[in-house]
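Undergrad:
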Amino acid sequence: MRNYITTVAVAAGGASAAAGSRYLIDDLSLSPGSALAVSTLLAILVYRGLEILLVVVPLRWRWARRILDVRARFEGIWISRTDKEGSRYYNYITLSYEPSAEDFSISGISFGNEDEHHSSWAGANIEFDLKKPVVRFFYEASVHEADVEDVLGFASIKFQGASSGSFTSGAGHIVDTGSSSKKYPIVFNRLEAAEMKDLVGMKKVATIDQKQSLLRAYRKQHPNF
Numbered sequence: 078m079r080n081y082i083t084t085v086a087v088a089a090g091g092a093s094a095a096a097g098s099r100y101l102i103d104d105l106s107l108s109p110g111s112a113l114a115v116s117t118l119l120a121i122l123v124y125r126g127l128e129i130l131l132v133v134v135p136l137r138w139r140w141a142r143r144i145l146d147v148r149a150r151f152e153g154i155w156i157s158r159t160d161k162e163g164s165r166y167y168n169y170i171t172l173s174y175e176p177s178a179e180d181f182s183i184s185g186i187s188f189g190n191e192d193e194h195h196s197s198w199a200g201a202n203i204e205f206d207l208k209k210p211v212v213r214f215f216y217e218a219s220v221h222e223a224d225v226e227d228v229l230g231f232a233s234i235k236f237q238g239a240s241s242g243s244f245t246s247g248a249g250h251i252v253d254t255g256s257s258s259k260k261y262p263i264v265f266n267r268l269e270a271a272e273m274k275d276l277v278g279m280k281k282v283a284t285i286d287q288k289q290s291l292l293r294a295y296r297k298q299h300p301n302f
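With the numbering used here applied, the sequence shown corresponds to residues 78 to 302, in that order.
Structural data, given as structure tokens:
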């Protein structure tokens, strides 16, 4: 849908340029070179104006993003679990649209099996393979321990869910780059605002302590996760 609207905006800009060029030459008697320069500027303004009006502004609302951009089906709060070197980690993950960058971002905070804060991480170069559907990204994790270097890695998650709605779960692997570069399994479960409120009495959590409490309650509610 977004590509279709962009195509319409380009076509409208081109049509405006053609009409404007004829008017500038025939009615205002401008030279062809001057008319071309003015009509080109007009085409750019029309294209960008329509793009902002029909794409950029609506993308700030999630309901509109779901119409314009199928990637919005991945948006939301996710709880993940991964096992690495005999240890189990749980993540509170946010996959969201960033209006300032006009793109999607992913980040998370990780806790150990004893609820201890393990690390915080952010993804980069997110790739959405909508046919499979798989999301891939690189990440950098800052480990919450003294004298431990940041961890760089790569993640690939295949998602599942209703064909017309949001994805509800996913599974895949992560690879911490380094000497071993082993694959570690990871699973994702979507966390809706209603369930979050049932677990911790609020629809949004912001602090590390709040996310820690949420994950503790989630694990108690889902003992097989």
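We put the CB at the ideal spot given by N, CA and C, even for glycine.
With a threshold of 7 Å on Cβ separation, who are the neighbours of residue 233 within its own chain once the five nearest residues in sequence on each side are excluded?
TA: Here residue 233 corresponds to residue number 156 of the sequence shown, with the count starting at 1. So the list reads 211, 213, 249, 250, once near-sequence residues are dropped.
Undergrad: Considering only DSSP beta bridges, list what residue 248 is partnered with.
TA: The residue you call residue 248 lines up with position 171 of the sequence shown. The partner list for residue 248 (beta bridge, DSSP) reads 235, 264.
Undergrad: Output the distance between the C-alpha atoms of residue 179 and residue 193, rounded to the nearest integer angstrom.
TA: Numbered from 1 along the sequence shown, position 102 holds the residue referred to as residue 179. Numbered from 1 along the sequence shown, position 116 holds the residue referred to as residue 193. The alpha-carbon atoms of residue 179 and residue 193 are separated by roughly 34 Å.
Undergrad: Can you tell which of 265, 169, 152, 147 has the C-alpha that lies nearest to the C-alpha of residue 282?
TA: Taking the sequence shown and counting its residues from 1, one reaches residue 282 at position 205. That would be 169, whose Cα lies nearest to the Cα of residue 282.
Undergrad: Between which two residues does the alpha helix (DSSP H) holding residue 175 run?
TA: For this step, residue 175 is matched to residue 98 along the sequence shown. Per DSSP, residue 175 belongs to no alpha helix (DSSP H); it is in the beta strand (DSSP E), 164-175.
Undergrad: Among the residues of its own chain, which have a CB less than 6 Å from the CB of residue 156, if the five just before and after it don't count?
TA: Mapped onto the sequence shown, residue 156 falls at position 79. 266, 268, 295, listed in sequence order.
Undergrad: Enumerate in chain order the residues of its own chain whose CB-to-CB distance from residue 164 is below 8 Å, with the five nearest sequence positions on each side excluded.
TA: Your numbering for residue 164 matches position 87 in the sequence shown. Closer than 8 Å at the Cβ level, and outside the excluded window around residue 164, lie 189, 190.
Undergrad: Return yes when the Cβ of residue 171 is within less than 9 Å of the Cβ of residue 264, no when it is not.
TA: Position 187 of the sequence shown, counted from the first residue, corresponds to residue 264. Position 94 of the sequence shown, counted from the first residue, corresponds to residue 171. Cβ distance not < 9 Å, so residue 264 and residue 171 don't count as in contact.
Undergrad: Identify, in the order they occur along the chain, each residue of the same chain with its Cβ nearer than 8 Å to the Cβ of residue 235, setting aside the five sequence neighbours on each side.
TA: Here residue 235 refers to the residue found at position 158 when the sequence shown is read from its first residue. 209, 210, 211, 247, 248, 249.
Undergrad: Where does residue 161 fall in DSSP's three states?
TA: To locate residue 161, count along the sequence shown from 1; it is residue 84. In this structure, residue 161 counts as strand in the three-state DSSP scheme.
Undergrad: I need the boundaries of the beta strand (DSSP E) containing residue 277, first residue and last residue.
TA: Here the question's residue 277 lines up with position 200 in the sequence shown. Segment 270-277 is the alpha helix (DSSP H) holding residue 277; no beta strand (DSSP E) there.
Undergrad: Determine the closest residue to residue 286 out of 260, 299, 225, 186, with distance taken between C-alpha atoms.
TA: The residue labelled residue 286 in the question sits at position 209 within the sequence shown. When only C-alpha atoms are compared, the closest one is 186.
Undergrad: Would residue 227 and residue 219 be called neighbours here (beta carbons separated by less than 9 Å)?
TA: Locating residue 227 in the sequence shown gives position 150, counting from the first residue. Locating residue 219 in the sequence shown gives position 142, counting from the first residue. Yes. Within cutoff.
Undergrad: For the alpha helix (DSSP H) holding residue 294, just list the boundary residues, first then last.
TA: By one-based count along the sequence shown, residue 294 stands at place 217. Per DSSP, residue 294 belongs to the alpha helix (DSSP H) from 285-298.
Undergrad: What is the DSSP secondary structure of residue 218, counted as helix, strand or coil?
TA: Looking up residue 218 in the sequence shown gives position 141. It is a strand residue.
Undergrad: Apart from the five residues on each side of it in sequence, which residues of its chain come closer than 6 Å, Cβ to Cβ, to residue 204?
TA: As a working mapping, residue 204 is identified with position 127 in the sequence shown. Correct list, in chain order: 213.
Undergrad: Report the residue from 289, 300, 277, 271 whose alpha carbon sits nearest the alpha carbon of residue 197.
TA: Taking the first residue of the sequence shown as position 1, residue 197 is located at position 120. The shortest C-alpha separation from residue 197 is found at 289.
Undergrad: Using the three-state DSSP reduction, which class does residue 151 fall into: helix, strand or coil?
TA: Counting from 1 along the sequence shown, the entry for residue 151 is found at position 74. Residue 151: helix per DSSP, three-state reduction.
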